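Q:
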Amino acid sequence: MSNKMHIKMNVNGEEQEFLAEPRELLIHTLRERLDITGPHIGCETSHCGACTVTIDGKSVKSCTMFVAQANGKDVTTIEGLGGPDDLHVLQSAFKEHHGLQCGFCTPGMITRASKLLEENPNPTEEEVRFGMAGNICRCTGYQNIVKSILAAASELQAAKEAAE
Amino acid sequence: MIPAAFEYHRPTDMAGVLAVLEEHGDDARVLAGGHSLIPMMKLRMAEVPHLIDLQDVSGLGGIDVRTGEVHIGAMTTQTEIIENAELAQVCPILKEAALQIADPQVRYMGTVGGNVANGDPGNDMPGLMQCLDATFELVGPDGTREVKARDFYEAAYMTDREDDEVLTKVVIPAHGAGYAYEKQKRKIGDYATAAAAVTIVSDMGKCVQASIAMTNLSDTPVWSEAAGAALVGTSLDDAAVDAAVSAMLGDIDPTQDNRGPIEFKKHAAAVILRRAIARAWSRA
Ligand SMILES: Cc1cc2nc3c(=O)[nH]c(=O)nc-3n(C[C@H](O)[C@H](O)[C@H](O)COP(=O)(O)OP(=O)(O)OC[C@H]3O[C@@H](n4cnc5c(N)ncnc54)[C@H](O)[C@@H]3O)c2cc1C
Ligand code: FES
Ligand code: FES
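In structure tokens form, the structure reads like this:
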């Protein structure tokens, strides 16, 4: 059964159109078909969060979604948040506060954190830990990840107050 | 981990869903949030030649707080339960339990309908719905019928739902009782080693009504009528709580697995129930 379907989705602001089997997992679409390799495959079993992307305002593990389900959706990956020349506040904060070691979990961490800060711009440490519970890191012990996210939150708050 | 190929359907109304179910029978299955079904398909423990995505089907979402009861559409996500302020007012145990399910990413996707229809003994909502005496609404080729959560579960992954029926909503009677959802898990995001849902109504210092249900301690959720009855008429003295715990232990039937041996599970069940009773009573 090779029943390819016509898929259309907006990834990081760009319209993408292609034919794919509905069973293709979104993480494979992003990495292999669209060459968007920020989202990583850590566990492939819905546990680690390395594959986290934002879809229609939700943080989603893209290893647990078929490309067919994402047809017609807006997808944002780490590449859509910022790049080497225009780092997102969270990316700078992770760099500054040693929020990463090997960096494998980082794209998922930052993509998830960006959504968390959108929903809760001024989180407590506990809220950060609870809100990041779907992302596993094998290196840092989380301490500096939490620190980085809290620092990014303060910076975003300060920028908002300055603008007001 | 690539699942077997399937044909993908995304109907926009219930008639469209029922038509595919009727045409393909056992070969068709609905997809809600996918966070139980997709992992099973990736492991090839579930094969679904016709997958019916419910995401665009109208009328399956929404939380409707009415007088005396709450209606929750099957496609309502755990996140939507957590964020609904009105629901937190009238039925706070739902939010308390939803916050203990999985992790943020899973809760954005996982639905109430999928959680209660799945039939996995590890799911948290079935026991909760039994505790609250909820009713499930099912739609099939012969129309709509209602089944009590307490009558719905038959064995692991076996429920009263027929293959050609879709669960459309959950109706929960308003209770105004003290409540607690307590869950013991090995790590955040894990299924329960033992979990307890408890509601208690008190009047003049005495318990006048109590409902107790346990999760992941049998091949179905266990509503322990005897455990609740042991509390009624008492002021929750030690003897009454002991009686409730031993009644509950008589009703569960845990098996040994990677969460521990049977004796440990019984121990965890007793600890969790005591905590849940104490907390529900403090709020009654
Ligand atoms: C890492 C991880 C941790 C988890 N931890 C927990 C946990 O601690 N507690 C917990 O309770 N759950 C947990 N889950 C499961 C999660 O909550 C699921 O999302 C939920 O069990 C099923 O909901 P769903 O919407 O994803 O259903 P799906 O996966 O889409 O469907 C599950 C089953 O129900 C059927 N179904 C779905 N909707 C309907 C309907 N409306 N009518 C009839 N049949 C239907 C499907 O055909 C399928 O057989 C976890 C999942 C993951 C990936
Ligand atoms: S790769 Fe998706 S959760 Fe680990
Ligand atoms: S930095 Fe290595 S896994 Fe997180």
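So the sequences go chain by chain: A and B. Numbering of the first sequence is given in our numbering, commencing with residue 16 and proceeding in unit increments. Numbering of the second sequence is given in our numbering, commencing with residue 482 and proceeding in unit increments. Don't be surprised by glycine CBs; every beta carbon is placed ideally from N, CA and C. Note that this is a predicted model, so its numbers are computed, not measured.
Within a Cβ cutoff of 8 Å, which residues of the same chain sit near Lys19 (chain A), ignoring the five residues on either side of it in sequence?
A: Locating residue 19 (chain A) in the first sequence gives position 4, where the first residue counts as 1. The residues are Leu34, Ala35, Glu36.
Q: Any idea what DSSP makes of Thr696 (chain B), helix, strand or coil?
A: Start at 1 with the first residue of the second sequence, and residue 696 (chain B) comes out as number 215. Strand.
Q: May I ask you to report which of helix, strand or coil DSSP gives Val628 (chain B)?
A: Start at 1 with the first residue of the second sequence, and residue 628 (chain B) comes out as number 147. It is a strand residue.
Q: Under 7 Å Cβ-Cβ, which residues of chain B neighbour Pro37 (chain A)?
A: Locating residue 37 (chain A) in the first sequence gives position 22, counting from the first residue. Under the 7 Å cutoff, chain B gives Phe487, Tyr489.
Q: Out of curiosity, what's the CA-to-CA distance linking Pro735 (chain B) and Pro702 (chain B)?
A: By 1-based counting over the second sequence, the position of residue 735 (chain B) is 254. By 1-based counting over the second sequence, the position of residue 702 (chain B) is 221. Going by the C-alpha atoms only, they are around 11 Å apart.
Q: If Ile439 (chain B) and Ala677 (chain B) are in contact, beta carbons under 8 Å, what's the gap, nearest whole angstrom?
A: Residue 439 (chain B) is absent from the structure shown; chain B starts at 482 and stops at 765.
Q: Using a 10 Å radius around the Cβ and a threshold of 16 neighbouring Cβ atoms, would you call Tyr638 (chain B) buried or exposed?
A: For the purposes of this step, residue 638 (chain B) is identified with residue 157 of the second sequence, where counting begins at 1. Its Cβ having fewer than 16 others within 10 Å, Tyr638 (chain B) is exposed.
Q: Relative to chain B, which residues along the region 59 to 76 of chain A have a C-beta separation below 8 Å, given in chain order?
A: Glu59, Thr60, Ser61, His62, Gly64, Thr67, Lys73, Ser74, Val75, Lys76
Q: Are the beta-carbon atoms of Gly114 (chain A) and Pro585 (chain B) separated by less than 8 Å?
A: Position 99 of the first sequence, counted from the start, is the residue given in the question as residue 114 (chain A). Position 104 of the second sequence, counted from the start, is the residue given in the question as residue 585 (chain B). Not closer than 8 Å, so no.
Q: Assuming Ala527 (chain B) and Leu535 (chain B) make a contact with CB atoms under 8 Å, what is their CB distance in whole Å?
A: If you number the second sequence from 1, residue 527 (chain B) lands on position 46. If you number the second sequence from 1, residue 535 (chain B) lands on position 54. With a Cβ gap of about 16 Å, Ala527 (chain B) and Leu535 (chain B) do not count as contacting.
Q: What I want to know is whether the C-beta of Ile51 (chain A) ends up closer than 7 Å to one or more non-hydrogen atoms of ligand 2.
A: On the first sequence, position 36 is the one that residue 51 (chain A) refers to. No.
Q: Report yes or no: is there a C-beta of chain A within less than 8 Å of the C-beta of Asp641 (chain B)?
A: Taking the second sequence and counting its residues from 1, the one referred to as residue 641 (chain B) is at position 160. Interface annotation, Asp641 (chain B): not in contact with chain A, CB-CB separation never under 8 Å.
Q: If we ignore side chains and look at the alpha-carbon of each, how far apart do Val647 (chain B) and Gln559 (chain B) end up?
A: The residue given as residue 647 (chain B) occupies position 166 in the second sequence. The residue given as residue 559 (chain B) occupies position 78 in the second sequence. Approximately 19 Å between the Cα atoms of the pair.
Q: Hey, which residues come within less than 5 Å of ligand 3, measuring from Cβ to any heavy atom, in chain order?
A: A:Leu115, A:Gln116, A:Cys117, A:Phe119, A:Cys120, A:Cys152, A:Arg153, A:Cys154
Q: Taking any heavy atom of ligand 2 as the mark, which residues have a C-beta closer than 6 Å to it, listed down the chain?
A: A:Ile56, A:Gly57, A:Cys58, A:Glu59, A:Ser61, A:His62, A:Cys63, A:Gly64, A:Ala65, A:Cys66, A:Lys76, A:Cys78
Q: Thr557 (chain B): beta carbon under 7 Å from a heavy atom of ligand 1?
A: Walking along the second sequence from the start, residue 557 (chain B) turns up at place 76. Result no, Cβ not under 7 Å from ligand 1.
Q: Just the C-alpha distance for Thr616 (chain B) and Ile582 (chain B), rounded to the nearest angstrom, thanks.
A: By one-based count along the second sequence, residue 616 (chain B) stands at place 135. By one-based count along the second sequence, residue 582 (chain B) stands at place 101. Looking at the two C-alpha atoms, the distance is approximately 21 Å.
Q: Is any non-hydrogen atom of ligand 1 found closer than 7 Å to the C-beta of Val538 (chain B), if you look at the structure I gave you?
A: If you number the second sequence from 1, residue 538 (chain B) lands on position 57. No, since every heavy atom of ligand 1 falls outside the 7 Å radius drawn around the Cβ of Val538 (chain B).
Q: Excluding the 5 residues flanking Thr521 (chain B) on each side, which residues of the same chain have their C-beta closer than 8 Å to its C-beta?
A: Indexing the second sequence from 1 puts residue 521 (chain B) at position 40. The sequence shown places Met at residue 521 (chain B), rather than the Thr named in the question. Cβ neighbours of Met521 (chain B) beyond the five flanking positions: Ala527.
Q: Going by alpha carbons, who is nearest to Asp700 (chain B) out of B:Thr640, B:Val501, B:Val498, B:Leu575?
A: Residue mapping note: residue 700 (chain B) aligns to position 219 of the second sequence, counting from 1. Taking only the C-alpha atoms, the option nearest Asp700 (chain B) is B:Thr640.
Q: Counting contacts by CB-CB distance shorter than 8 Å, is Met526 (chain B) in contact with chain A?
A: For the purposes of this step, residue 526 (chain B) is taken as the residue at position 45 of the second sequence. Judged by the 8 Å Cβ criterion, Met526 (chain B) is not in contact with chain A.
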